[in-house]
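Heads up: the sequence shown begins at 1 in UniProt numbering, then just goes up one per residue. All residues carry an ideal CB built from backbone N, CA and C; glycine is no exception.
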Amino acid sequence: MAITITDAAAQRVQTFLNNRGKGLGLRLGVKTSGCSGLAYVLEFVDELSEGDQVFEHGEVKVIVDSKSLVYLDGTELDFAKEGLNEGFKFNNPNINGECGCGESFNV
Numbered sequence: 001m002a003i004t005i006t007d008a009a010a011q012r013v014q015t016f017l018n019n020r021g022k023g024l025g026l027r028l029g030v031k032t033s034g035c036s037g038l039a040y041v042l043e044f045v046d047e048l049s050e051g052d053q054v055f056e057h058g059e060v061k062v063i064v065d066s067k068s069l070v071y072l073d074g075t076e077l078d079f080a081k082e083g084l085n086e087g088f089k090f091n092n093p094n095i096n097g098e099c100g101c102g103e104s105f106n107v
């Protein structure tokens with residue numbers, strides 16, 4: 001099982017961690033939400049929890065809990081700027097469908 005992160009996403013995460021002044025890395029997870037069932041969750045991690053899997057890209061760590069990893073296996077975390085919009089993008093091969101607003105997905 002693996003999560004990958006692009007150079008652009010790694011640079012953005014490192015910038016956030018540097019501005020924050022602390023943290024081991026970024027947690028990528030899922031929660032039940034939205035009209036399609038699941039939504040992505042991103043948060044800073046200061047301490048690892050039991051069952052966490054750590055995926056590294058250079059100095060940047062992406063931490064995923066074991067329950068979320070089932071839905072995220074093979075996902076690539078990217079960061080993109082498109083016009084005035086910028087944000088993380090999730091290239092998840094497990095998705096069967098997404099809601100119209102793009103806030104949630106199902107597997």
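Per DSSP, L84 is not a residue of any alpha helix (DSSP H), being assigned neither H nor E. Segment contact: the region 40-53 against the region 63-71, three or more CB-CB distances shorter than 8 Å; contact assigned. DSSP places D78 within a strand segment (E or B) once states are collapsed to three.
For S68, the enclosing alpha helix (DSSP H) has its first and last residue at S66 to L72.
With respect to the 8 Å criterion, A9 and L77 are classified as neighbours on the basis of their beta carbons.
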